[in-house]
Each structure stands twice: as C-alpha cells, then as structure tokens.
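Comments concern the structure below.
Protein chains: 2
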Amino acid sequence: MATGSAGGTVSIKEVAAQAGVSPGTVSNVLNRPHKVAAETRSRVEQVIRELGFVRHGSASTLRAGQSRTIGLSVIDIGNPFFTDVAAGVEDVASELGYAVILGSSSGDRVKEERNLRVFAEQRVRGLLITPSDEDPGRLDVIRDRGISVVLVDHPAHSPDQCSVAVNDITGGWTAARHLLDGGATRLAYVTGPLTIRQCIERMNGARQALAAAGLDPATALSAVEMPAMNAKAGQRAAETLIASGRLPEAIFCANDLLALGLLRGLLQAGVRVPDDVAIIGYDDIDFAAASAVSLSSIRQPTFKLGRIATELLLDECDNPGSHAHQQIMFQPELIARESTRHA
Amino acid sequence: MATGSAGGTVSIKEVAAQAGVSPGTVSNVLNRPHKVAAETRSRVEQVIRELGFVRHGSASTLRAGQSRTIGLSVIDIGNPFFTDVAAGVEDVASELGYAVILGSSSGDRVKEERNLRVFAEQRVRGLLITPSDEDPGRLDVIRDRGISVVLVDHPAHSPDQCSVAVNDITGGWTAARHLLDGGATRLAYVTGPLTIRQCIERMNGARQALAAAGLDPATALSAVEMPAMNAKAGQRAAETLIASGRLPEAIFCANDLLALGLLRGLLQAGVRVPDDVAIIGYDDIDFAAASAVSLSSIRQPTFKLGRIATELLLDECDNPGSHAHQQIMFQPELIARESTRHA
DNA sequence: CGTCAGCAGAAAAACGTTTTAATGGCCTTG
DNA sequence: CAAGGCCATTAAAACGTTTTTCTGCTGACG
C-alpha cells in the first residue's frame, strides 16, 4: 500500500514540505537518523513512504563527493570463473546497498580502456579489476581520481594496494606434478595469450615441476598458444596438435574452457583420454565434473575471491584511516578425475 | 602522454579557465561539438587532454535529467544462459558508452526488490529485466519514475512495452515431440519452481505434444519440481527419481543445468543414457555438447536476445516520439545429440 | 549607409542533494 | 534569577554540469 503514484519524481523538498520540516532534516532522517528526534523522524518516514520518495543517487553523489557504486572489470563474463567471482561481488555489494557496474573487456585493450573511462565518469566508489595485462599506467584514469582499486586474481606488485589472488605458480606446479605422477614425460601446455599473467605463471610453475623432476622444461613442455581462452580455441588446439603428427602424453590447459574444447576435439578425432593422452584443466568450473571424460582440474576459491575482494574494497573506502592494505594469496587445490586416471 | 597527474579532480570550470572560454562552451564541445567554432573546439579539446578531464557523470545526470546507465536484472548470473544474455547487453551498451548495472536476484524476491530500488536511486536510463514471477506491481518503483523497461525472455502482456522472448510452448512441444519420436511414452519433467513462467510454459508445450500424440498428459508426464535450477538440483532430482523405483523412459529438463546434474546423477547410479533413459535439456549452453553423454537440447538465441533487448531499450529512450513498442518472439531450435539417440 | 539575420560565445539559473553555520528553546548550574 | 550549554532544527551555500537567454559581432542585403 501507500505507493506514491504521483507520476513524476518526488524530491526531498516535497517530502520536507509535506512533513512540515526543512529539507536538511529529511536528509538527516535518511543519513543520520539518530540526530533526529524520534517523533519527527517517524513523521518524515511516513511521508517518504506515502509519497514513494526515492533518493536521487546522482544528486547525492555530486554533493557528497562519493557514490554508492563499484566497478567490476573482468576479462570474459562468459567464463564461469569470472561469473562465480561476479556472483561473490554482487552478493556483498547488494547486501550493503552498493550498485555494481559491470565491464567485460573480452581481452580487448580498447574495450577495457573504454570501460575504465565509464567507471571514471560514474565516479565509482572503488574498482575491482582483473587486469588483462601488466601495463601499470592503465589504471591512471582511475587512480588519479582517488578511486580505490583492488586487484582480483592478480597479486599487487606494491604494498600500497589490496589484491586477492590464487597462487598460479603453485597451481601450475601441482598440475604438472600430477601429470608426471601419471607417468608422462612429454607434456604440452595449451594456453591463452602469453601476455596474460595467469598463463605465464601457470606455465612457469609447470616448468619448475619438470625441472625438479630432472627433466628439461625446454623440451619436455611444448606450449600451444591460442588467441582466446574459450572452448572453441581449445577445439582448435586439438586440431593443431593432431595435425602436428605427434601427440604429447599429457596436456595441461590454462583453463577449463580450453580443456573442455580440447577434450571434445581429441575425442572426436578418436584419441582416447586418458589412455592415449591425459588432460588437466584449471579453475574447476562446475562443468568440469560433468564432461564426457570428467576433467581433472585445479580448483580455485572463486566465489570467495569475489566476496573478499569486495569486502576489502569497501573497507578501504569506508575506513581510509584504519584500513591496512592486504595482499591475499590463496592456494589452489588439485581435483583429480578421470581425464588423468593412471593406467 | 599528457595525462593530468594533477592529483585531485579537474572540473569543467578549470578547463574553461585554462582554455580561455566559458564553462558553457566546454559543455558544448562535449555535447554539441558542431555548435562550436573549429578553432575554439580544438583548443578546448587540447586542454581537456592535457588536464585529464573526465566529465562528472552524476553532475551531468542531475542537470540533464537522464543518465547513461542501464540496469540489468537477471535471475541467476551463474547460469550460462543469463551470462550469454548479459554478454550481448554489455556489448551493445559499452559500444554506445552506456554503463550496465548488474543485479542478480537468485530468485529471491527481497533481493530483486532491493536491486530495483538501487536502479531507481541510480535513475537508470532504462531497465532490462527477466522477471522472476508474474507480479505486475513489482516494477512500479521503476515505472513511476518514467524509466523504460524491456522484458527479457518474457513476453509482454500489454502492447505498451517492449519485450524479447523465445517461444517456450513451442520449445516444450519440440522437446516432448522429440522424446516421443524416440519411442518413449512415459515421460518425466524435471523443473524449477512452477511459479517461473518459463517452467510452466515448457511443461504446457510438452503436454500439448503428448495430447496431440493421443496420450493423456496427466499420466504420461510426471513433474519433478525442484527449488533451484542448477546442476546440484538436477543431481538431487536423479536421486529422487531413482528412489521412486520406477524410472521414466525419457526425461525433459527445464534447463541444461538441471539436465547436466541429472545426467551425472543417473550415470553415477549406473543408469545408461540414452539406452535406459533419454534426456533432453533446454538452452543449449556451451557445455551441453561436451558432457559425458552429449546433451540434446533446445537452443535459444541467447546473445541475440541480449543485444536486441538493449537496442530496443536504447531506441525507446532516445526516440520516445517515434519509438514503436515491439514484442519480439523468437523460435527455439532442436539440437539432437547422444542423450536422445534412438535405438 | 542602415538594418537585420545569423553565429559564436558568455552569463546565469537550475538540477536534488549534503553539510556547515546559525537559531531558538529548554535545561542545568552557579 | 541569570548565564551558559545542549539539543533539534533551519537556512543557505555548495557540488559540477547543462541549458536557456542574452550579448556582441560579422556580413549580407536593400
């Protein structure tokens, strides 16, 4: 009941007039209820309900100098990894009344920059970003405006900012170690662009594991670099590998999307998994367990990543004085399934 | 180069002063470049770059009375169906310089309402929403403020608004028809809450197909209603069906997530698919083709849904005079794979 | 040569809030 | 009883744009 169907938009002034108080008092009811006498407060609240008043966010942002929105810039919203992160972010933000502005760069530098500009225009309160490369100047548009930034799935290089990440070196190490344990000595690494930090570090981790096992990483691990990190690219990687004539004994994929595409490509070509080739992915997305041959993977605490990043960001925004920057690093976890079942 | 590292935030006034013009002229350079003499314009643009000026979106929104943001409210951002829609939306919006505010309701009425309020506060230019139920009053907070709404994956009931949907009756009909073609006569329908329109209509479509085939829908199709529509719920549905002692000959799932979970559950219990039970899902998400037994499904033009909905919305916003409301209805498409392979 | 149209730009008001300083009433205290 | 302090509230300025109205100026035309 009591929805103001007054057509147009009702401002704080009209509420004030109707309640017989000044606009300032209405503002106080909204933002510092304890400063208003109980009786006045309830009268104002009553009028607010009757008139269906909704605070004009832009006016509030303009005057107060800070907004109730945060920006979220991910690389690919089509990837369940980022979707899970986004769900975590949305969860916390919505709880606290923050709006989340979404930007997906698709790995496109121009698009990422355009998104950052939109965030800057909106004067987002803070920004959560999984940077698509190492360019440190990229975020200047944002930082120049004093907007806090938390890096997601990317460790901060300096101690003056927060970050939430998962150790990709360990992850790569674990994956390769697992393949070695299965008896493989000739490995391939199917990856996205090697400009992406995650791709490089997972590879480096794998190399370290090979070296530690007494193998020469240069010959024991051949990289297949694809321009994208989705299932389609994985399928094309399968074609490439098959066309090359000599399949490796085991394949480590930089993410599950690549792995699922690769798996499909190989199975279609009559390659048996894991008998002919073992495969391990990365991220442990929900669908990894349901694939044709269930996919071994490296699990990351995705939802948590989003939640904690958002909590850190909002803490930094709300308590600039007491906030201590944190660089949180989670450890990934091996999930062994059929695709790497040892003989 | 030429990034204004002037720390704080630079306003249109400072640009004006620096360029020796009035703030109004700077505004014109920004919004109506053709009204400004070429020489003046380039001088102002030069200063804008030098100072690293970025328009304050809130001030602009406040004064102009309209924002450059749109709201997107979906039911479950974790579902690839909505993710694909979101990708389409983001694509168009970002191209046109609009920011997308994301809200995921998780089917929770309270959360949806909270999100709508946030959209209202932000004075979004327009709203794209997949309503989680039929409640017509839900959107009043939005419509009272004159914000355009386009329904996504939901046909509009009245001709005074736009909608983009896919025919769920046809989809249900097609799915059931396909199962009947495989020789099944005892079917089950694994679905989410039957308060969700899509779930009901797909069921009704299936029933019509049964009736048309001379079967009694009441006995030939038993519904298994789950509280959620994700893989976990699908797996639990498998347990339910197995516990019931008598498996149907074929199962139609209201979406692919349910189907994938169900498939996994059945396979783990030793049920052979499609030999013992055929399964068909809905949405044809990317992962349907890669599952243990590749999943037959009903494909919807998801990305397109998002793109077109956004185009309609922005057309409605930008040309309120000439805009003609459209209720667009796509037809779904059967994708037959192994999970319904006929004997 | 005078008038008028057209154009570039300036000045100022306005958008809806928040916030600071000011006001008046009431209670406490000496 | 007077002075001071506290409290709830008000008045008014400010945030950074956009937009409308207005002012000079230039050039064209009769």
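Same order as they appear, the protein sequences are chains Y and E. Quick note: the first sequence uses this note's numbering, first residue 1, plus one each step. Quick note: the second sequence uses this note's numbering, first residue 1001, plus one each step. For glycine and all other residues, C-beta sits at the position ideal for the given N, C-alpha and C. Fair warning: this is a prediction, and the values are worked out from it, not measured in the lab.
For residue i, is the classification buried or exposed, using 16 other Cβ atoms within 10 angstroms of its Cβ as the cut-off for buried?
{"i": "residue 191(Y)", "result": "buried"}
{"i": "residue 959(E)", "result": "Residue 959(E) falls outside the range modelled here, since chain E spans only 1001 to 1343, and no answer is possible."}
{"i": "residue 198(Y)", "result": "buried"}
{"i": "residue 24(Y)", "result": "exposed"}
{"i": "residue 1121(E)", "result": "buried"}
{"i": "residue 1226(E)", "result": "buried"}
{"i": "residue 195(Y)", "result": "exposed"}
{"i": "residue 339(Y)", "result": "buried"}
{"i": "residue 1320(E)", "result": "exposed"}
{"i": "residue 164(Y)", "result": "buried"}
{"i": "residue 109(Y)", "result": "exposed"}
{"i": "residue 1012(E)", "result": "buried"}
{"i": "residue 256(Y)", "result": "buried"}
{"i": "residue 1103(E)", "result": "buried"}
{"i": "residue 49(Y)", "result": "exposed"}
Looking at chain E, is there any beta carbon in it that lies within less than 8 angstroms of the beta carbon of residue i?
{"i": "residue 374(Y)", "result": "Residue numbering for chain Y in the displayed model covers 1 to 343; residue 374(Y) lies beyond these limits and cannot be assessed."}
{"i": "residue 144(Y)", "result": "yes"}
{"i": "residue 272(Y)", "result": "no"}
{"i": "residue 111(Y)", "result": "yes"}
{"i": "residue 287(Y)", "result": "yes"}
{"i": "residue 292(Y)", "result": "yes"}
{"i": "residue 43(Y)", "result": "no"}
{"i": "residue 141(Y)", "result": "yes"}
{"i": "residue 9(Y)", "result": "yes"}
{"i": "residue 114(Y)", "result": "yes"}
Could you give the DSSP three-state label for residue i: helix, strand or coil?
{"i": "residue 1341(E)", "result": "coil"}
{"i": "residue 1184(E)", "result": "coil"}
{"i": "residue 1289(E)", "result": "helix"}
{"i": "residue 1213(E)", "result": "coil"}
{"i": "residue 1126(E)", "result": "strand"}
{"i": "residue 1107(E)", "result": "coil"}
{"i": "residue 331(Y)", "result": "coil"}
{"i": "residue 1075(E)", "result": "coil"}
{"i": "residue 275(Y)", "result": "coil"}
{"i": "residue 1069(E)", "result": "strand"}
{"i": "residue 165(Y)", "result": "strand"}
{"i": "residue 283(Y)", "result": "strand"}
{"i": "residue 298(Y)", "result": "strand"}
{"i": "residue 312(Y)", "result": "helix"}
{"i": "residue 151(Y)", "result": "strand"}
{"i": "residue 1178(E)", "result": "helix"}
{"i": "residue 202(Y)", "result": "helix"}
{"i": "residue 1011(E)", "result": "coil"}
{"i": "residue 1246(E)", "result": "coil"}
Can you confirm whether residue i, when its beta carbon is compared against all beta carbons of chain Y, has any partner nearer than 8 angstroms?
{"i": "residue 1201(E)", "result": "no"}
{"i": "residue 1120(E)", "result": "yes"}
{"i": "residue 1100(E)", "result": "yes"}
{"i": "residue 1103(E)", "result": "yes"}
{"i": "residue 1084(E)", "result": "yes"}
{"i": "residue 1018(E)", "result": "no"}
Would you tell me roughly how many angstroms separate the C-alpha atoms of residue i and residue j, rounded to the nearest one?
{"i": "residue 1123(E)", "j": "residue 1306(E)", "result": "21 angstroms"}
{"i": "residue 1293(E)", "j": "residue 290(Y)", "result": "9 angstroms"}
{"i": "residue 1295(E)", "j": "residue 268(Y)", "result": "15 angstroms"}
{"i": "residue 176(Y)", "j": "residue 1210(E)", "result": "52 angstroms"}
{"i": "residue 1078(E)", "j": "residue 304(Y)", "result": "14 angstroms"}
{"i": "residue 1043(E)", "j": "residue 1019(E)", "result": "7 angstroms"}
{"i": "residue 333(Y)", "j": "residue 1317(E)", "result": "48 angstroms"}
{"i": "residue 1281(E)", "j": "residue 299(Y)", "result": "27 angstroms"}
{"i": "residue 1034(E)", "j": "residue 112(Y)", "result": "29 angstroms"}
{"i": "residue 187(Y)", "j": "residue 228(Y)", "result": "21 angstroms"}
{"i": "residue 231(Y)", "j": "residue 284(Y)", "result": "14 angstroms"}
{"i": "residue 1214(E)", "j": "residue 258(Y)", "result": "46 angstroms"}
{"i": "residue 1222(E)", "j": "residue 1193(E)", "result": "15 angstroms"}
{"i": "residue 336(Y)", "j": "residue 1270(E)", "result": "21 angstroms"}
{"i": "residue 133(Y)", "j": "residue 1241(E)", "result": "49 angstroms"}
{"i": "residue 1220(E)", "j": "residue 1287(E)", "result": "29 angstroms"}
What are the partner residues of residue i, as DSSP defines its beta bridges?
{"i": "residue 189(Y)", "result": "223(Y) and 252(Y)"}
{"i": "residue 1267(E)", "result": "Per DSSP, none; premise fails for residue 1267(E)."}
{"i": "residue 101(Y)", "result": "71(Y) and 1101(E)"}
Below 7 angstroms, is the gap between the Cβ of residue i and the nearest heavy atom of the ligand ATP?
{"i": "residue 245(Y)", "result": "Questions concerning the ligand ATP fall outside what the structure shown contains, since it holds no ligand whatsoever."}
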